[in-house]
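Residue numbers (our numbering), protein chains in the order written: chain A, 3 to 102; chain B, 887 to 1061.
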């Protein structure tokens, strides 16, 4: 049996990669993929703790996270399509209409 | 022993392809690498005694969500758009900040997580998940279905051109 903490370390590394990409990239779709990476890292943590404590609640939460990530991806990509129609770019720095 | 080899191989695959996602300039390559990373994570779910969620990971994430990403990338014709260079201060703060965050996270996990695994296998087949989902979690389940419906309507509204309905002539031509 593989210890739970190894899965937690893998999850932490994947989450950090996601944070790093989100902070350093400006391409909207790449930033969105980094968010998906972070969501998946959190799913891995949920499952690791579900096995640790022999509880099904973690699995149910992963199920809900997947459903909400699907909804988020649909709406977010629609926003990027709309942004591309209006500005001909998906660079997030170009979308500055609501900046102070 | 074979479990350890599988764990390390697929952990390395997941991390390497995640790095390709954030370092490669081409969005299509990034999306395909993310699919590979999700497949490696599905193997992790199998190692964690959750084969049903591994199947969901492959079908929903690698199958549906990433196809949506690739579809949008192809639709917007982004594979030839070169991304402008990020500002150096943003690069520096992003890399150093996330490196500090990651090192702190791994340090505290290694330092404080000393959990003994309980004996016996962890049963989590589709039947048990279904029973839990339709008894204890029936209300959140219904809420999620309403949320998905709202997401469908929102996506349709947002991605239409300026919110106006297509003219009847164009619909006739399309048919």
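Beta carbons are placed, not taken as given, at the ideal position from N, Cα and C, and that holds for glycine.
Values in this document were obtained by computation on a predicted structure and should not be read as measured data.
Query raised in the report: Three or more C-beta pairs closer than 8 Å, one from the stretch 1009-1017 of chain B and one from the stretch 26-41 of chain A: is that the case here?
Result: No contact exists between the stretch 1009-1017 of chain B and the stretch 26-41 of chain A.
Query - 7 Å CB neighbourhood of residue 19 of chain A in its chain, flanking five on each side removed - result: Counting from 1 along the first chain, the entry for residue 19 of chain A is found at position 17. Here the set comprises 39.
Query raised in the report: Is it buried or exposed for residue 887 of chain B, if we count other Cβ within 10 angstroms and need 16 for buried?
Result: Stepping through the second chain from its first residue, residue 887 of chain B is reached at position 1. The residue is exposed, with fewer than 16 neighbouring Cβ atoms inside 10 Å.
Query - Contact under 8 Å by Cβ, residue 980 of chain B with residue 22 of chain A - result: Residue 980 of chain B sits at position 94 when you count from the first residue of the second chain. Residue 22 of chain A sits at position 20 when you count from the first residue of the first chain. Their beta carbons are under 8 Å apart, which means residue 980 of chain B touches residue 22 of chain A by this criterion.
**Report entry** Nearest-angstrom Cα separation, counted from residue 46 of chain A out to residue 958 of chain B
**Finding:** Locating residue 958 of chain B in the second chain gives position 72, where the first residue counts as 1. Locating residue 46 of chain A in the first chain gives position 44, where the first residue counts as 1. Using only the alpha carbons, I get a separation of about 27 Å.
Query - Stretch-stretch touch, CB-based, cutoff 8 Å, three pairs: the stretch 939-949 of chain B with the stretch 918-926 of chain B - result: yes
Requested in this report: Using only alpha-carbon positions, find the residue among A:73, A:26 and A:60 that is nearest to residue 985 of chain B.
Outcome: Within the second chain, residue 985 of chain B is the residue found at index 99, counting from 1. Closest by alpha carbon: A:26.
Query raised in the report: Who are the neighbours of residue 1018 of chain B on chain A, taking C-beta pairs under 7 Å?
Result: The residue you call residue 1018 of chain B lines up with position 132 of the second chain. Neighbours of residue 1018 of chain B on chain A, chain order: 58 and 62.
Query raised in the report: Name the chain B residues whose beta carbon is nearer than 8 Å to that of residue 99 of chain A?
Result: Translated into positions along the first chain, residue 99 of chain A becomes position 97. Result: empty, since nearest Cβ-Cβ is about 15 Å, beyond 8 Å.
Query raised in the report: residue 1 of chain A: buried (16+ other C-beta within 10 angstroms of its C-beta) or exposed?
Result: This structure cannot speak to residue 1 of chain A, because chain A is shown only from 3 to 102.
Query raised in the report: So what does residue 29 of chain A bridge to, in DSSP terms?
Result: Along the first chain, read from residue 1 onward, the residue named residue 29 of chain A stands at position 27. Its beta-bridge partners are A:93.
Query - Exposure of residue 1043 of chain B, with buried meaning 16 or more beta-carbon neighbours within 10 Å - result: For the purposes of this step, residue 1043 of chain B is taken as residue 157 along the second chain, with counting starting at 1. Under this definition residue 1043 of chain B is an exposed residue.
Query raised in the report: Just curious, the alpha helix (DSSP H) that residue 974 of chain B is in, first and last residue?
Result: Sequence index remark: in the second chain, residue 974 of chain B carries index 88 (1-based). Here the alpha helix (DSSP H) through residue 974 of chain B covers 974-998.
Query - Buried or exposed by the 16-neighbour rule on C-beta atoms within 10 Å, applied to residue 29 of chain A - result: Locating residue 29 of chain A in the first chain gives position 27, where the first residue counts as 1. The residue is buried, with at least 16 neighbouring Cβ atoms inside 10 Å.
Query raised in the report: Any residues in the stretch 18-29 of chain A with a beta carbon nearer than 9 Å to a beta carbon of chain B? Which ones, in chain order?
Result: Cβ contacts with chain B come from 18, 19, 20, 21, 22, 23, 24, 25, 26, 27, 28 and 29.
Report task. Go through its chain and collect everything with a Cβ distance to residue 910 of chain B's Cβ below 8 Å, but skip five positions before and after it. Result -> Position 24 of the second chain, counted from the start, is the residue given in the question as residue 910 of chain B. The residues are 916 and 919.
Query - Of the listed residues B:954, B:897, B:964 and B:901, nearest to residue 932 of chain B (C-alpha basis) - result: Position 46 of the second chain, counting from 1, holds the residue named residue 932 of chain B. Ranking the options by Cα distance to residue 932 of chain B, first place goes to B:897.
Query raised in the report: Alpha carbon to alpha carbon, how far is residue 1029 of chain B from residue 17 of chain A?
Result: Here residue 1029 of chain B refers to the residue found at position 143 when the second chain is read from its first residue. Here residue 17 of chain A refers to the residue found at position 15 when the first chain is read from its first residue. Cα to Cα, residue 1029 of chain B sits roughly 27 Å from residue 17 of chain A.
Query raised in the report: Interface residues of chain B around residue 11 of chain A at Cβ under 8 Å?
Result: Here residue 11 of chain A is taken as the residue at index 9 of the first chain, counted from 1. Those are 992, 995 and 996, listed as they occur along chain B.
Query - DSSP state of residue 8 of chain A mapped onto helix, strand, coil - result: Stepping through the first chain from its first residue, residue 8 of chain A is reached at position 6. Residue 8 of chain A falls in the helix class under three-state DSSP.
Query raised in the report: Helix, strand or coil: which one does DSSP assign to residue 912 of chain B?
Result: Numbered from its first residue, the second chain carries residue 912 of chain B at position 26. Residue state, collapsed to three classes: coil.
Query raised in the report: Whose C-alpha, out of A:56, A:8 and A:77, is nearest the C-alpha of residue 840 of chain B?
Result: With chain B covering 887 to 1061 only, the question about residue 840 of chain B has no answer from this structure.
Query raised in the report: Does the beta carbon of residue 35 of chain A come closer than 8 Å to any beta carbon on chain B?
Result: As a first step, residue 35 of chain A is located in the first chain; it is residue number 33 there, counting from the start. Look at residue 35 of chain A: its C-beta is under 8 Å from a C-beta on chain B.
Query raised in the report: Which chain B residues are close to residue 113 of chain A, counting only those with a beta carbon under 8 Å from its beta carbon?
Result: Since the first residue of chain A shown is 3 and the last is 102, residue 113 of chain A is not available in this structure.
Requested in this report: Answer yes or no: does any C-beta atom of chain A fall closer than 8 Å to that of residue 897 of chain B?
Outcome: Position 11 of the second chain, counting from 1, holds the residue named residue 897 of chain B. Chain A, which has a Cβ nearer than 8 Å to the Cβ of residue 897 of chain B, makes this yes.
Query raised in the report: Taking Cβ-Cβ distances shorter than 7 Å, what residues in chain B pair up with residue 53 of chain A?
Result: Position 51 of the first chain holds residue 53 of chain A. Correct list: 934, 935 and 1008.
**Report entry** Residue-level contact to chain A via CB, residue 891 of chain B, 8 Å cutoff
**Finding:** The residue given as residue 891 of chain B occupies position 5 in the second chain. No - not a single Cβ of chain A is within 8 Å of the one on residue 891 of chain B.
Query raised in the report: Would DSSP call residue 72 of chain A helix, strand or coil?
Result: Translated into positions along the first chain, residue 72 of chain A becomes position 70. The answer is helix: DSSP assigns residue 72 of chain A an H, G or I state.
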